[in-house]
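**Q** Would you mind keeping the following structure in view while I ask a few things?
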Amino acid sequence: MTYICNTTVREYKVTCFAGSSQVTLANGTFKTLSDANIGDQVLVNKHNLYEPILGFIHAKHEDLDFLAIEVQSLASNSSTTILVSSNHLIFDFDSDYARFPGKYRIGNRVQLIENNQSVPVQILRIQLTK
Numbered sequence: 003m004t005y006i007c008n009t010t011v012r013e014y015k016v017t018c019f020a021g022s023s024q025v026t027l028a029n030g031t032f033k034t035l036s037d038a039n040i041g042d043q044v045l046v047n048k049h050n051l052y053e054p055i056l057g058f059i060h061a062k063h064e065d066l067d068f069l070a071i072e073v074q075s076l077a078s079n080s081s082t083t084i085l086v087s088s089n090h091l092i093f094d095f096d097s098d099y100a101r102f103p104g105k106y107r108i109g110n111r112v113q114l115i116e117n118n119q120s121v122p123v124q125i126l127r128i129q130l131t132k
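Just add 2 to the spot in the sequence shown (first one is 1) and you have my numbering.
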């Protein structure tokens with residue numbers, strides 16, 4: 003079963019990610035969202051702020067569309083793909099504001115956790131996927 007996370011960010015908006023997304027817990031360990039629990043404290047931005055998971059709003063994602071955002075770390079040059087629903091938020095690395103994924107363009111930089119630090123990653127490709 004795949005889950006999507008419902009948590010708050012600075013503007014108290016809801017953010018949702020695919021169940022395969024990894025989160026960093028307050029104790030420094032990692033967990034996929036499908037293994038996370040309500041109440042788990044997860045890292046929400048580059049200022050090392052942790053907030054609790056308040057609930058899960060989707061238990062299955064068969065009918066949901068996600069944006070597959072391929073990014074490359076400017077710290078390590080490694081690449082990964084972020085899966086996020088199109089109407090939720092990702093933190094912009096430069097401004098530190100959360101924006102809807104559809105507002106980002108190739109070449110923009112967003113925040114990603116790498117080796118327990120928030121690092122800039124550059125967007126290489128954005129693709130709508132199920």
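Just so you know, even glycine gets a beta-carbon here, dropped at the ideal spot from N, CA and C. These numbers come from a predicted model, not from an experiment.
Identify the continuous beta strand (DSSP E) that holds residue 122 and give its terminal residues.
**A** 119 to 131
**Q** Taking only three categories from DSSP, how would you classify residue 51?
**A** coil
**Q** Under 9 Å, do residue 101 and residue 93 count as touching if we go by C-beta distance?
**A** In contact: residue 101 and residue 93 (Cβ atoms closer than 9 Å).
**Q** How about the stretch 73 to 90 and the stretch 39 to 49: do they share at least three Cβ pairs that are nearer than 8 Å?
**A** no
**Q** If we ignore side chains and look at the alpha-carbon of each, how far apart do residue 91 and residue 112 end up?
**A** 11 Å
**Q** Roughly how many whole angstroms lie between the Cα atoms of residue 120 and residue 77?
**A** 10 Å
**Q** Alpha carbon to alpha carbon, what distance is there between residue 115 and residue 125?
**A** Going by the C-alpha atoms only, they are around 15 Å apart.
**Q** From the DSSP output, in three-state form, read off residue 35 for me.
**A** helix
**Q** Using a Cβ-Cβ cutoff of less than 7 Å, which residues in the same chain neighbour residue 72 once the five nearest sequence positions on both sides are dropped?
**A** 81, 83, 126 and 127
**Q** DSSP three-state label for residue 4, please.
**A** Per-residue confidence for residue 4 stands at a pLDDT of 39, beneath the threshold of 50, marking its modelled position as unreliable; no derived number is given.
**Q** Taking the alpha-carbon of residue 51 as reference, which of 130, 122 and 28 has the nearest alpha-carbon?
**A** 28
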